[in-house]
Structure formats: structure tokens, C-alpha cells
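To start, the structure under review is shown below, and the notes come after it.
Written out as C-alpha cells, the structure reads:
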């Protein structure tokens, strides 16, 4: 989060960009806003609803300001945001006491020539369908990486080489990194290659992530760094009028300091769109570890993807949960049809199974989820989304959700406005 004393720095950067724009007639300055309030009613969202509990309801809002500056061979982006729940700050509070203000993006990209460039700073890493690396735009705060990129593009081929090294302060000695959770890495390196043809494409991702292992009573002593490797591909191709989309990834290395990792992910989806209606059938298999245990960790983790997009919108799997668990087999179908000139309705059904074995040979069937999302483009730069989801959980869902009862009603409703106008753009 951005502290109050960083605000003058942000103002200075914005003033500097405006000054550069005035001095350089060939530059382009663009300022945009992204404001999105979202109301949510949660009655079994992310986990089974417990007994004797009141459902949650709130409004959360993102207020983001994006400033970009483009010259002949230099691009600069500064993005700041506030993410708050309505009412979380005391009225007439003179300070940002809820620490909701933060720096989301701050990067520059220098174009060496028409094919090569380098991009450094706080940035979004988003590739393919965002299964492994994604911007996580559904979450109000989004996802960023403090990283560097070397980029190459020519004709229908592109290659990105990324790297990051994380420290929590300007230390005098040592490299201990105690920031944990959300797969926060100590070091990251990746190579991403993609080739496109007339109606198809294929990419290759090689990702290496290093995680700090800690010891000591307070987990504040650096022990070692263990590494997790992810290798795989995303591809699209047509079969007559059907578009096929799929991916396959393998993870290996270490899941922690002492446990070996061997896990996989496979997905395949068929899309068919006659006229204005889209039909799709698909499956995704994510390997898991038996509840009784195994000598290796066989649980695949999507790491830095936009996981809300997959496996049901109620976020029962891989959204801050389900790591190192029994995995998931997700069979789904969806239809998207127009309900008006500027509106659509998405209906999607998921059939969930555990990928690995449950204790006492319990049934692998976990539940069925139904998702509905209505979208209406009300006006230019104004969009309305309304969603409803319902989880029909089985007895086996309780086995992977901490023993919570599965027979309570589990549903979730939400409504969101997205307002993202361009406030200023130079000619």
C-alpha cells in the first residue's frame, strides 16, 4: 500500500510527465479513469456456508487513475488506485487510515528498435487465457509484478523474457524475505514464446519461481530458497466452424524445502458461434494429492493466473484456497446469447470432481455450480454487470472444506458498474 508520504512523489511524477508532453510536440499524453463500485451478497461464497451465521453484504469500490506518456521510443505508465469498502473509513478522517491507496503500475518501456524493447518496473504480466500469468482484473486491487522484461516481436512471432528479484527493504546485510502468502516469490524468471497463424496460435511458457524458506521462532530467519518450475503450452485451432482452445502444463521441483513436486494441468474447450449465440463445452483437469498423503506433492497450482475466471465464479477452487489439495476435474458447458442490442447473458454450469482420492474412499463428486452474468453497455465507457451463482455441494465437498456442512444454501449475488472514460488525450 502507498503511505501518505508517497503522495507528493506521485504528484511530482504526474507533473513531470505533463512537463515532458509540453516540451515534446511529438509525444502523446493520455489520462484515464477506472471507477467500479460492486455490491456483493455472500451466502456461501468461497466456502460452504456454516450454521448459525449471518450472510455478508457490502459495497467495494476501485478508483484508479491511469497516466500514460508515449514518445517515439519511450513509453511511461503511472497508475494509482484506492480500493475501499464503503464505510471502512471514519468520516472527516484527514488521513488514509485504512491504507487503501496504492501504486498499481509504474513502468517504462524503451524501444531499442522496431523488434526489441525492454520494460522495467511495476507492471501487469498477462498471457494467453491468463491461467498461469494474469492481471486478475476481477479483484479490485488487481495483480502486479515488480519485474523486468526483454521483448521481441517480428511478424507473427513474439518472445518475452522476464525476471524479478524481491527484497522487502534496502537492507545492509543479508537477503531474508519474510513476505509470504499468495505465492509471493523471492525470485522469478520466465520465457514466453508465441507464434500465430491465420486461424491458430501456439505458445510456450517456461516459468521458474523461487520461494523463501524461513526458520526461527518468529519465522524471520532465511533458511534457503526452493524452486518450483512450470512448463507448458496454450493453443488455439479451428475444426470446421468450431474453435478449439486448450492448454497443458507440468509443474516440478519443490513444493516446499523438503517435498518434491510433480503435477499437471490439462484443458480443452470447443466453441461454436452460429449467428449471435456462443456455445461451449470444456474440461479442465488439475492434478491433486490423495488426502491420505503421498511421498510427493502432486497438486497443481495455477500460481499467478486470473483464477476467478476458471472453475466457477464462486471461487471454491484456487482463489486463495485449495492449494496442496486433492486437485480438481471440472467439466462445464456455457452459452452466451444476446438479450438486446448492447446486452448479453452468460449461463454456465460446472460439474466438479476431486482429481485425487478422498479419505475412506469417499465419492469424488464435489458439487455442481450454476453461474449467470448479465452484461449491458449502458453508455460509452459505462458497463453494468449483474451476476448470480449457486453451488449444489455434495457430502464430499465438506471433506475438503474443513468439515463445514454441505446442506445449507450456498449462493452469491452481485452487481457492478464499470466506468472507464478517457479524461484527456493529446492529438
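In my numbering, the protein residues as written are 1 to 427. Ideal placement from N, C-alpha and C gives every residue a C-beta, glycine not left out.
Distance between residue j and residue i (C-alpha atoms, nearest Å)
{"i": "residue 390", "j": "residue 190", "result": "38 Å"}
{"i": "residue 219", "j": "residue 178", "result": "7 Å"}
{"i": "residue 168", "j": "residue 307", "result": "26 Å"}
{"i": "residue 394", "j": "residue 250", "result": "29 Å"}
{"i": "residue 314", "j": "residue 155", "result": "40 Å"}
{"i": "residue 423", "j": "residue 381", "result": "11 Å"}
{"i": "residue 72", "j": "residue 425", "result": "16 Å"}
{"i": "residue 172", "j": "residue 65", "result": "35 Å"}
{"i": "residue 115", "j": "residue 79", "result": "26 Å"}
{"i": "residue 102", "j": "residue 360", "result": "47 Å"}
{"i": "residue 332", "j": "residue 180", "result": "33 Å"}
{"i": "residue 368", "j": "residue 312", "result": "9 Å"}
{"i": "residue 77", "j": "residue 124", "result": "11 Å"}
{"i": "residue 350", "j": "residue 285", "result": "13 Å"}
{"i": "residue 243", "j": "residue 40", "result": "34 Å"}
{"i": "residue 265", "j": "residue 184", "result": "21 Å"}
{"i": "residue 3", "j": "residue 281", "result": "With a pLDDT of only 49 at residue 3, under the threshold of 50, the placement of this residue in the model should not be trusted; the figure read from the coordinates follows. Roughly 47 Å separates the two Cα atoms."}
{"i": "residue 146", "j": "residue 290", "result": "36 Å"}
{"i": "residue 396", "j": "residue 322", "result": "14 Å"}
Under the three-state DSSP convention, the category residue i falls into
{"i": "residue 48", "result": "coil"}
{"i": "residue 307", "result": "helix"}
{"i": "residue 359", "result": "helix"}
{"i": "residue 1", "result": "Confidence at residue 1 is low in this model, with a pLDDT of 44, below 50, so the placement of that residue should be treated as unreliable; the coordinate-derived value is given next. Residue 1: coil per DSSP, three-state reduction."}
{"i": "residue 399", "result": "helix"}
{"i": "residue 130", "result": "coil"}
{"i": "residue 124", "result": "coil"}
{"i": "residue 426", "result": "coil"}
{"i": "residue 148", "result": "strand"}
{"i": "residue 369", "result": "strand"}
{"i": "residue 109", "result": "strand"}
{"i": "residue 167", "result": "coil"}
{"i": "residue 154", "result": "strand"}
{"i": "residue 31", "result": "strand"}
{"i": "residue 411", "result": "strand"}
{"i": "residue 387", "result": "strand"}
{"i": "residue 243", "result": "strand"}
Beta-carbon proximity of residue i to residue j, cut-off 8 Å
{"i": "residue 337", "j": "residue 344", "result": "yes"}
{"i": "residue 453", "j": "residue 107", "result": "Absent from the structure is residue 453, since the part of the chain shown begins at 1 and ends at 427."}
{"i": "residue 303", "j": "residue 132", "result": "yes"}
{"i": "residue 170", "j": "residue 186", "result": "no"}
{"i": "residue 371", "j": "residue 348", "result": "yes"}
{"i": "residue 162", "j": "residue 412", "result": "no"}
{"i": "residue 257", "j": "residue 226", "result": "yes"}
{"i": "residue 83", "j": "residue 105", "result": "no"}
{"i": "residue 149", "j": "residue 196", "result": "no"}
{"i": "residue 418", "j": "residue 383", "result": "yes"}
{"i": "residue 36", "j": "residue 416", "result": "yes"}
{"i": "residue 354", "j": "residue 403", "result": "no"}
Can you check the stretch 176-234 for any beta strand (DSSP E) of at least 3 residues that lies completely inside it and give the ranges in chain order?
187-196 and 201-215
Under 8 Å, with one C-beta from each stretch per pair, do the stretch 391-411 and the stretch 46-61 reach the 3-pair mark?
yes
In chain order, which beta strand (DSSP E) runs of at least 3 residues are fully inside the stretch 276-362?
278-286, 328-340 and 343-353
Jot down the residue ranges of each uninterrupted alpha helix (DSSP H) in the stretch 38-90, minimum 4 residues, whole runs only, in chain order.
none
Should the stretch 273-293 be regarded as contacting the stretch 229-239, the criterion being three or more beta carbon pairs within less than 8 Å?
no
Using 8 Å as the threshold, is the stretch 317-328 in touch with the stretch 287-304, meaning 3 or more CB pairs across them?
yes
Could you give the uninterrupted runs of the beta strand (DSSP E) lying entirely in the stretch 249-278, keeping only those of 3 residues or more?
260-272
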